[in-house]
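Here the protein sequences come in this chain order: A and B.
Sequential numbering from 706 applies to the first sequence in our numbering.
Sequential numbering from 706 applies to the second sequence in our numbering.
There are 2 protein chains.
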Amino acid sequence: MTSQTVARAQSAVQPIVWTGEVLRLLDQRVLPAQERYLDCKSAAEVADAIHGMAVRGAPAIGIAAAYGLVLAVRADSRSFDRADAVLAASRPTAINLRWALARMRGIWSRSHDVAVLEKEARRIHQEDLSQNLRMAELGAALLPQGARVLTHCNTGALATGGHGTALGVIRTAHAQGKLAAVYAGETRPWLQGARLTAWELQREGIEAKLIVDSAAAYLMSREKIDWVIVGADRIAANGDTANKIGTYMLAVAAQRHGTRFMVVAPTGTFDPNCASGELIPIEQRGAEELTRFRGEAIAPPGFDAFNPVFDVTPAELIDAIVCERGVIEEPTAAKIRALLN
Amino acid sequence: MTSQTVARAQSAVQPIVWTGEVLRLLDQRVLPAQERYLDCKSAAEVADAIHGMAVRGAPAIGIAAAYGLVLAVRADSRSFDRADAVLAASRPTAINLRWALARMRGIWSRSHDVAVLEKEARRIHQEDLSQNLRMAELGAALLPQGARVLTHCNTGALATGGHGTALGVIRTAHAQGKLAAVYAGETRPWLQGARLTAWELQREGIEAKLIVDSAAAYLMSREKIDWVIVGADRIAANGDTANKIGTYMLAVAAQRHGTRFMVVAPTGTFDPNCASGELIPIEQRGAEELTRFRGEAIAPPGFDAFNPVFDVTPAELIDAIVCERGVIEEPTAAKIRALLN
């Protein structure tokens, strides 16, 4: 990575700040209107922030959960198991959360030392940033000069330890002068694309356009989109990928239009214990996320909804998975196993 | 049609009421929170209501425009051409608007009699309801017992002279006890599905679930959806169909999942002068429809957007076009010509 890239990453927004005493989280529910931080002083507060989506994004919730364990054992050294359970239950789909908790458990079971545990949480946080910078270089290298790209949800500094996964590729490709057009799906129901990705892109001075999620196929039919670039919440052993609802639809549309499809995620996103996509638990959230908006009714009160907040894209629709160890083109179980081992 | 079906249609909401003096339009911008009518006293007011989407839906704007001409010539018998131009310019994509204006021009050029013109507007309105009831029977007959269906946007009584096109098929199929599940896409950016279709379904006692538009492909991968049922704003001579943004994406997803795809539209929706879908003008609306919601910022101020409010579904993805003259399966230019002539 160039020093310019590092400087760029370091100057970016800090959604997760560990003060040494408390975990300060940029409250992503009120962006872009307000930049407000929440101070979490216990694992329960961190779990609430994850469940309530004050902090979101698969890598970011893993990092937050790691610090949550530090807060727990600092208050009561016997509370590790209880805090671990509460944090693990805060959201079901992203495996990074479980991966970070398991890594912290490994350290704790060996040391029972809060200082060592805190160091491990800081390391998870720092590693995520450096992995993202590496993935961004690898992903950007796949793009042609003058690339036209579409992304979904928010996978930027706000969703990670910094720089971002899919949005990190876009950041780096932009810095390299490779991009001719950037589109971002607004990402209903939570509008991560409109509220968060657009905010990050604007702060970086990257020109881009929002689309409603359902316009992606039409966009591809009207102009050549080279790559769809997305993050991941969990990648099964065979490469099937769970990500924000709407990702699968983008992959189906991309296949029809000759648009390539890239998943950008650190190795902590792989779940070797999950053979294929059908086995990934998909979080369902309440109907109110569709029937109300900021407290106002946008559908008749009490109307029902089917609100899965993730979906599964089969490996056959994915052209490349980019992780910090390398690029897996046309992913298969064997290629993934080879890279992870 | 059964007398029960007629009674059902007549009891439904009346979005367009011609009092003989003014055109009263149910203001669809404030539904479902408020049921407020706008009184239009001139063609310019009707054009504003169409452009501003107080009244929307391809058949409904055709009907409203016909009454707009009556208001114009009643005030000044020399104003037909001016009113015609203003109304025709109010929205570009739906051909029904132009079709209704052309039909009114034919009558006016022969009679120059306001009473005759008014009678024609009432006839267009009444015919639309009876065409819808006929299409609903034809479309419902295509569904299997226990059908699971997905619709998009609003194509019900609110979008038409009554009963609805695609939603009319769902109404009639429900009355026949044929439906096992109904899903409705919320239809960003204007939320016609959440605000209007859900409201109509709830009033009719039809159980249904909303989905975010991007969840359609995932829904189809998780459970068998038999039919996607949509309306149309314009059907080209070869069967390519312009409809609400997101329709094309549904057709692409349907093809992958073995879900059939039905377009329901009266013959006034066909445009024989338009050879194929690329020639249909697609309305682009402002970025604010994506960056603001009810006056509040949901994206950074000034952020750009690509906001086409319709898209084009190629005929090859359409299994059946249902119009009041019959059903065209696997539409082609020849089959469409045969039905229209």
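Beta carbons: idealized from backbone N, C-alpha and C, even for Gly.
Owing to the predicted nature of the structure, the values given are computational and were not obtained by experimental measurement.
| Query | Result |
| --- | --- |
| C-beta neighbour in chain B for A:I916, strict 8 Å | yes |
| Selection from B:A852, B:D1009, B:R783, B:A845 that minimises the alpha carbon distance to B:V968 | B:A845 |
| With 16 other Cβ atoms within 10 Å as the buried cut-off, status of B:Q733 | buried |
| Candidates B:C745, B:V874, B:E1021, of which the one nearest B:Y953 by Cα | B:E1021 |
| Contact check, A:A913 vs A:I985, beta carbons under 8 Å | no |
| Min CB distance A:D945 to chain B below 8 Å | no |
| Span of the beta strand (DSSP E) around A:V969 | 965 to 969 |
| Start-to-end residues for the beta strand (DSSP E) that takes in A:K914 | 914 to 916 |
| Backbone CA spacing between B:G921 and B:G1007 [nearest angstrom] | Going by the sequence as given, residue 921 of chain B is Ala instead of Gly. Roughly 30 Å between the two C-alpha positions. |
| Neighbour flag for A:I768 against chain B, beta carbons, 8 Å | no |
| Cβ separation of A:V718 and A:L855, assumed to be a contact under 8 Å, to the nearest whole Å | Between A:L855 and A:V718 the Cβ distance is about 22 Å, and since that is not below 8 Å, they are no contact. |
| Start-end ranges of the beta strand (DSSP E) lying completely within the segment 837 to 907 of chain B, minimum 3 residues | 852 to 856, 884 to 890 |
| Proximity test, Cβ basis, 8 Å: B:S716 and chain A | The predicted model places B:S716 with a pLDDT of 47, which falls under 50 and marks its position as unreliable, so this point remains unresolved. |
| Of the listed residues A:L955, A:I768, A:V819, A:Y772, nearest to A:T974 (C-alpha basis) | A:I768 |
| Rounded C-alpha distance that separates B:T707 from B:P894 | Residue placement at B:T707 is flagged as unreliable, the pLDDT there being 43, under the threshold of 50; the coordinate-derived value follows with that caveat. If I take the Cα positions, the gap works out to 37 Å. |
| Start and end residues, alpha helix (DSSP H) containing A:F785 | 785 to 793 |
| Ordered list of alpha helix (DSSP H) runs contained in the segment 937 to 1013 of chain B, each at least 4 residues | 952 to 962, 993 to 996 |
| Straight-line gap, B:T892 to A:I766 (C-alpha atoms, nearest Å) | 30 Å |
| Nearest-angstrom Cα separation, counted from B:C858 out to A:S716 | Low local confidence applies: a pLDDT of 48 at A:S716 is under 50, so the model's placement there is unreliable, with the coordinate-based value given in what follows. Looking at the two C-alpha atoms, the distance is approximately 43 Å. |
| Distance between B:E825 and A:L915 (C-alpha atoms, nearest Å) | 43 Å |
| Cutoff 8 Å: A:S919 Cβ touching any chain B Cβ | yes |
| Where the alpha helix (DSSP H) containing B:R1042 begins and where it ends | 1038 to 1045 |
| N-terminal and C-terminal residue of the alpha helix (DSSP H) that A:A738 is part of | From DSSP, A:A738 is part of no alpha helix (DSSP H); its letter is neither H nor E. |
| Secondary structure of B:R828, DSSP reduced to three states | helix |
| A:A754, DSSP secondary structure in three states | helix |
| Assigned exposure category for B:R1042 - 16 Cβ within 10 Å defines buried | exposed |
| Extent of the continuous alpha helix (DSSP H) run through B:G1031 | Per DSSP, B:G1031 belongs to no alpha helix (DSSP H); it is in the beta strand (DSSP E), 1031 to 1034. |
| Residues near B:I721 in its chain [Cβ-Cβ closer than 8 Å; skip 5 each side] | L728, R729, L730, L731, V760, A765, I768, A769, Y772, H830, G866 |
| Buried/exposed call for A:T860, threshold 16 Cβ in 10 Å | buried |
| Within 9 Å of chain B by C-beta, residues of the segment 857 to 882 of chain A in sequence order | H857 |
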